[in-house]
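Per this note's numbering: the sequence shown = residues 486 to 923. Using N, Cα and C, we set each Cβ at its ideal position, and we do this for glycine too. The block underneath contains the structure these notes are about, expressed in structure tokens.
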Amino acid sequence: MQTQFFNVTVEQCACQQTAPDNLVRIIASGQTFFFYRDDFSDSENLLATLAAGDRVKIGAHRLRDGSYWLHWLLHGTKGRLEPDRTLKYKLKYFALLVLGAALAGGFPAAFFIMDREDSWLTIVLFFIAIIAGLIGIGMVLFVGSELLLIGHRGRRRLLRALDRVLLGQDVTPPDSLSLKIPGIRYRAVRKDAVPTTAPLQTALPLPDGVEASGIETVNALSYELRHYEIPRQVQYLDTYAWRQNETHFAVTTRALNVPTTKLHPVFRRQHPLFIAKGDPLQVLYCENDTVPELPTVRGIINHRDHQTYLIGGNRYFTEAGLNLSARVVFILGAIMMCLMLGLIVWDNADTPAGFYLDAWTLKRLGSELPPILLLLMLMVSGLALLMLMVSGLALLIEGFAQICRLYAFEQHRTFKTFKYLRNLRRRLWRQEQVTELK
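What follows is the structure, encoded as structure tokens:
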């Protein structure tokens with residue numbers, strides 16, 4: 486989590502006639518900030534008075550696409566947006582953690598119960614122990630997540646910086662957009678680092694079967710959060726519909742801010758598709774054989790906030806998904822290695838007289854561990870290398886000949902659109918991150 490602290494001038498505050506309607510975009514001194522209204526209890530009063538030209542101080546963290554997620558905002562006379570400060574260490578958290586750990590002990594207790602004589606009492610005690618273990622693990626995970634959030638380094642840094650700004654301990658260097666706060670160290674953003682629009686010398690070739698609209702203003706805009714009940718879960722979707730000139734477009738993406746999966750702001754790494762009425766958009770689309778009047782949107786370039794969006798299918802593997810797959814494979818391999826090492830040590834140290842390590846046991850372990858460790862390291866590194874190669878091949882051969890992306894033509898076209906958007910953003914604004922949506 487890369488935190489930044491700004492002293493910037495507001496250029497635009499988009500909080501009315503937007504999609505999603507609860508997401509706010511602030512453009513200030515060339516930087517783009519996003520936040521949800523319900524992240525702050527008193528956001529409406531400040532948003533009603535915030536205007537272009539206002540000087541504000543902002544604490545935020547950087548997202549994948551180069552924009553920022555806003556955590557606090559301070560205006561000299563119009564007030565401030567302040568995060569929730571009620572999250573603190575409490576005795577009940579530690580009491581619940583101890584209780585959950587005690588209940589989780591039901592799992593090892595179940596194995597000892599299985600060794601007893603077969604009877605109805607043994608079966609009942611076994612299932613009680615398993616249920617207690619499941620409840621205990623759930624309590625440990627819940628309380629552990631709360632404790633991790635309370636002690637999150639980035640969250641504590643943001644609050645500490647806000648306290649010092651409120652005390653007037655901050656200064657702004659003349660050649661920087663960032664605040665200099667005593668005791669807070671981070672990489673400042675210089676004024677000359679603000680992306681500027683560079684004219685295209687030659688137009689980039691569009692992918693086959695993809696057309697591009699002109700840069701036109703959004704005349705009409707509508708948004709709706711829909712949910713569909715499918716077996717064992719509820720799926721939430723963001724639905725957008727807008728009109729540019731006389732052309733209608735519609736997009737449906739997975740919702741990122743829903744009651745079942747709502748993240749704390751410090752964990753956000755991506756913002757949803759954001760469109761405000763009056764934004765100049767350029768849309769990449771394909772012909773829709775089912776509804777010819779409504780083209781199939783493949784990509785969106787917003788020339789107001791310099792954001793680019795790729796609209797992929799449900800089965801399209803994003804770059805973030807490929808990186809996550811590689812990490813999961815490596816972590817699972819490391820866990821398997823630890824379990825196998827534990828079993829080897831247990832097998833050699835467990836004797837009829839009890840569990841202990843003597844000179845002969847250590848000697849046997851010393852002779853058996855090196856080849857086993859080498860084999861396990863080759864397995865883990867081989868799986869991790871395979872996933873990294875898959876991710877690399879996705880970039881080198883356009884999504885074909887690798888197992889993480891489908892070989893369908895539509896997937897190939899989506900990946901070509903991703904490369905076009907990345908190259909276009911690099912040439913226009915010296916940035917290459919593309920927000921990938923599904």
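- Rounded to whole angstroms, the separation of the alpha carbons of His-560 and Glu-567 is 11 Å.
- The residue from Tyr-770, Tyr-905, Arg-910 and Pro-757 with its alpha-carbon nearest to that of His-788 is Arg-910.
- A contact is defined here as three or more CB-CB pairs under 8 Å, and the region 507-520 meets this definition with respect to the region 755-772.
- Three or more Cβ pairs closer than 8 Å define a contact, and the region 491-499 meets that threshold against the region 534-549.
- With respect to Tyr-794, Thr-920 sits close: the two C-beta atoms are nearer than 8 Å.
- Using a Cβ distance threshold of 8 Å, Arg-898 and Pro-692 count as a contacting pair.
- Taking one beta carbon from each stretch, the region 514-523 and the region 548-557 have 3 or more pairs nearer than 8 Å; the two touch.
- Secondary structure within the region 728-765: the beta strand (DSSP E) runs of 3 or more consecutive residues, fully enclosed, are 732-739 (chain order).
- Within the model, the alpha-carbon separation for Asp-527 versus Ile-760 is close to 23 Å.
- The Cβ atoms of Leu-582 and Val-628 lie closer than 8 Å to each other.
- By the neighbour-count criterion, in which a residue is buried when 16 or more other Cβ atoms sit within 10 angstroms of its Cβ, Pro-750 is buried.
- The region 539-613 contains, as complete beta strand (DSSP E) runs of 3+ residues, the segments 540-547, 553-560 and 564-566 (chain order).
- From the listed residues Leu-610, Trp-605, Leu-531 and Leu-769, the smallest Cα separation to Ala-594 is found for Leu-610.
- The beta carbon of Asn-730 is closer than 6 Å to those of Glu-701 in its chain, skipping five residues each way along the sequence.
- In this structure, DSSP gives Arg-510 an extended state, which the three-state scheme calls strand.
- One Cα belongs to Ala-536, the other to Leu-558, and the distance between them is close to 14 Å.
- Taken through DSSP and simplified to helix, strand or coil, Thr-899 comes out as helix.
- Here the C-alpha atom of Asp-524 lies approximately 53 Å from the C-alpha atom of Trp-605.
- Collapsing the DSSP output to three states places Ile-622 in a helix.
- In the DSSP assignment, Asn-530 falls within the unbroken alpha helix (DSSP H) covering 528-534.
- In the displayed model, Lys-923 falls within coil according to three-state DSSP, outside both helix and strand.
- In the DSSP assignment, Leu-644 falls within the unbroken alpha helix (DSSP H) covering 638-651.
- Under the 10 Å beta carbon count, Gly-623 is surrounded by fewer than 16 other beta carbons and is classified as exposed.
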